[in-house]
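Under my numbering, think of the first position of the sequence shown as 1011, with each following residue one higher.
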Amino acid sequence: MIPNSSPSGLADTPPAGQSHRLRWLLALPKLGIVLLVMALISLLVLLHRSETEEQRTTLIKDVLWLEQSLRFHLNGNQEQLQQLAIELPEGGGEKLFRLRATHMLKNSPEIAQILWLDAHGHIVDALPTEQMPDTGGGPSARQISARAMELADKLSKPVYSETFTPPGKGAFVEVLVPIRHQRKPAGVLIAVYPLASLLSTQIPWWFTEKYRVEIVNDENTLVATQTAITGDSGQMYQIPFDPPGYGLVLRVTSYATPDNTLPRILIAAIILLAIGVFWSLWLIRDLMRKRSRAEEALRSEHAFRAAMEDSLTVGMRARDLKGKIIYVNPAFCKMTGFAATDLVGTTPPMPYWAPENLAESYAMHEAVMAGEAPPEGFEMTFMRKSGERFQALVYEAKLIDGHGEHTGWMASVLDITERKEAEEMARQQQEQLQFTARLVTLGEMASTLAHELNQPLAAIASYNTGCLNLLADGRASNSELQPALEKIGLQAQRAGKIVRRVYDFVRRSEPKRAPCDLRGVIEDCVGFVETDARRRQIRIETSLPALPPVPADRLMLEQVLLNLIRNAMDSMGDTPEHDRLLGIAACIEGNEVRISVSDRGCGISPEISDKLYTAFFTTKPEGMGVGLSICRSIIEFHRGRLWAEDNFETGSPRGTIFLFTLPLEST
Ligand code: ADP
């Protein structure tokens, strides 16, 4: 009923100012989210930085602590050796050495061996006693020791040797403590440290869990390492390893701890959440846009609808399922004279129902509520507020809401009073026209009738003269007079019939459908025109099988047939005399009878074939042009059809056949 899209196209373009404001409104949360994400990322970067700083500080602290602890330990060992170096020249000899060395080895497992060398560099004693293959075997090792010994003697204080690496072994370092007796060199005490075991024994487990500890020489060659973990290294810090010195460096590398996973998950979660929020915001933006478009379309639609409703001349009335009026349009109010407020909310009996038709109105109302209203609409008499009655044509349709549910009934109401009056007037005019046509036909038949009546009257007159002559001669006998008088009676009856037929034909009467002998009708019509046909040298041939009675108005059928026959005869004015043939045939086809009137006349040219049934169309100088239009309305009144075809009886088109059908059953 109402088009889906607005014809003005307003629905597609919201007003500029509003959309601008909407865009700003939509941009604000987006900006907020972007700022939030940026703040979060900055926070994370700062956190990461401070964490790195903290890690580095911790690393440095730990490295310093380690270096200090190693130094402290080595110094402790060194002091013990110094103490022994002081005590040994004072006596006690090997026994003292062994006692102290055993004690030291026990407390400092990192020491591989403690040696006592005399002033000439010969081993006086050693613990463990077996010769250390590393220290004792290789000349290089001893050379290193000799150089260190020399230095120790020279400086007269403990000295560390350079690192040395016997083949197939780890790196070693020795501490040499000179023994002096009466200010003269009296030997040296040596403690041999394998650097690997120095690291493994002196570095606590928790340290190795966090760091890799390496000792690197001045050529950046790794000489010992200690760690309990593998993986990616992080920060690194190195510090000179002195003692022993000689360019040794203690390098500590931290490892990325598995604890990093949690912050990473957190970062990922924050980023994902931000993306999620952004995405949902995007969706909301889309939804809001769609919504605002839909609202705009709805507004236009509403305006369009209101304009349309106001311009409607058809009354609209909506009722709910219980029959209460829920809506009326201005046209309905104008039609009934009631205001919308008087009507909306009312239930039957409605104020516009005519009191005299209350029962009928109720019945129709019930039918509508039961969904049985005729789809082609129904007529009702309504009453205006002024009391005036009017005829209304009502069409009822289901009222379906936005969810597709049936919520009531919508009726469109047409005031058909004027139309009805016009129809009535047209009907009366048509009747008048038919009557006039009959009069015209009558006028045309007047001469034919004169001929027809002439015959029986002449016969009556001659029989009468014969009878009178017989009576005058005195020869009149009963047997001679009776047949003549009977013939006079018959002829008088015939003349009477002719007169009655004319009277019937002219008499104006309402159409009456009654079983009608079609054959008789056709024969009567032929009887009417026979004389005229003879005068015009036209042969009439009929082919009429036995036909069942047809429900029809006899007089109207006669009018149709006479009109078709007369037209056929008129069309053959220029046809050669021997060819002037008028055929009337009837046959049954299915449940209808078909009658045809054919001629061999001038035929109907295509230019005029469309206008044949238009009233007052004629090609004849003295014609009225209403015959065929009346014929068609009569046949349609009988629920039949009337049409014309070219006549092909002679092989080539020659003349016209007018055909009409009539149903055999009255419905
Ligand atoms: P009228 O006979 O008064 O002219 P009709 O309505 O009966 O009015 O006919 C309209 C016109 O149709 C005629 O003037 C004629 O031109 C044409 N017409 C009707 N019947 C025939 C026919 N059998 N053959 C040729 N023309 C015909």
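Beta carbons: idealized from backbone N, C-alpha and C, even for Gly.
- Only residues of its own chain outside the window of five on either side were considered, and among them LEU1232, VAL1259 and ARG1261 have a CB closer than 6 angstroms to the CB of VAL1226, listed in chain order.
- A check of alpha carbon separations from ALA1162 across VAL1185, ARG1485, GLY1180 and PRO1177 identifies VAL1185 as the nearest.
- About 15 angstroms separates the beta carbon of ILE1594 from that of ALA1654, a gap too long to meet the 8 angstroms contact definition.
- DSSP lists HIS1191 as the bridge partner or partners of LYS1194.
- Residue GLY1197 holds the alpha-carbon nearest to the alpha-carbon of ILE1096 among ALA1278, LEU1500, LEU1669 and GLY1197.
- Taking ARG1110 as the centre and dropping the five residues before and after it, the same chain places the C-beta of LEU1094 closer than 6 angstroms to its C-beta, in chain order.
- Put simply, the segment 1385 to 1400 touches the segment 1342 to 1357. At least three CB pairs are less than 8 angstroms apart.
- The criterion of a C-beta distance shorter than 8 angstroms is not satisfied by ARG1108 and ASP1128.
- In this structure, DSSP gives GLY1387 a state outside helix and strand, which the three-state scheme calls coil.
- Distance check between ALA1317 and each of ASP1296, ALA1304 and ASN1339 places ASN1339 closest, using alpha-carbon atoms only.
- In the displayed model, ASP1352 falls within a helix according to three-state DSSP.
- A contact between stretches requires three or more CB pairs, one per stretch, nearer than 8 angstroms, and the segment 1072 to 1088 meets this requirement with the segment 1110 to 1122.
- DSSP places GLN1401 in the uninterrupted beta strand (DSSP E) bounded by 1399 to 1410.
- Taking 7 angstroms as the cut-off, one finds no heavy atom of the ligand ADP near enough to the beta carbon of SER1619.
- Rounded to the nearest whole angstrom, the CA to CA distance from GLU1376 to LYS1630 is 58 angstroms.
- Taking 8 angstroms as the cut-off, the Cβ atoms of ILE1667 and VAL1570 do not count as close.
- One alpha carbon belongs to LEU1297, the other to GLU1311, and they sit about 20 angstroms apart.
- Judged by DSSP in its simplified three-state form, GLN1547 adopts coil rather than helix or strand.
- The beta carbon of ASP1072 is closer than 8 angstroms to those of PHE1217, LYS1220, TYR1221 and VAL1262 in its chain, skipping five residues each way along the sequence.
- When Cβ pairs closer than 8 angstroms are counted between the two stretches, the segment 1535 to 1552 is seen not to touch the segment 1419 to 1437, the count staying below three.
- In the structure shown, SER1396 falls within a coil segment according to DSSP collapsed to helix, strand and coil.
- Per DSSP, the unbroken beta strand (DSSP E) holding LEU1669 starts and ends at 1666 to 1673.
- In the three-state DSSP reduction, ARG1301 falls in the helix class (H, G or I).
- A residue is called buried once 16 or more other Cβ atoms fall within 10 Å of its Cβ, and ASP1620, having fewer, is exposed.
- ASP1527 and VAL1536 have their alpha carbons spaced roughly 14 angstroms apart.
- Contact between GLY1665 and SER1581 holds, since their C-beta atoms are separated by about 7 angstroms, short of 8 angstroms.
- With a threshold of 7 angstroms, the Cβ atom of LEU1449 does not count as near the ligand ADP, since no heavy atom of the ligand is closer than that.
- Listed in chain order, the non-local C-beta contacts of ILE1213 below 7 angstroms within the same chain comprise LEU1076, VAL1223 and GLN1236, local neighbours out to five positions each way being set aside.
- Secondary structure note for HIS1588: it is in no beta strand (DSSP E), with a DSSP letter that is neither H nor E.
- For the pair ALA1625 and GLN1492, the Cα-to-Cα distance works out to about 54 angstroms.
- At a Cβ-Cβ threshold of 8 angstroms, LEU1449 and ILE1640 do not count as neighbours.
- Burial of ASP1425 is indicated by the presence of at least 16 other C-beta atoms within 10 angstroms of its C-beta.
- No heavy atom of the ligand ADP is found nearer than 7 angstroms to the CB of ALA1595.
- In this structure PHE1182 is not in contact with LEU1209, their Cβ atoms being roughly 13 angstroms apart against a cut-off of 8 angstroms.
- Taking 7 angstroms as the cut-off, the C-beta of LYS1630 counts as close to a heavy atom of the ligand ADP.
- Residue nearest to PHE1538 within the set PRO1555, LEU1322, ARG1576 and ALA1556 is ARG1576 (criterion: CA-CA distance).
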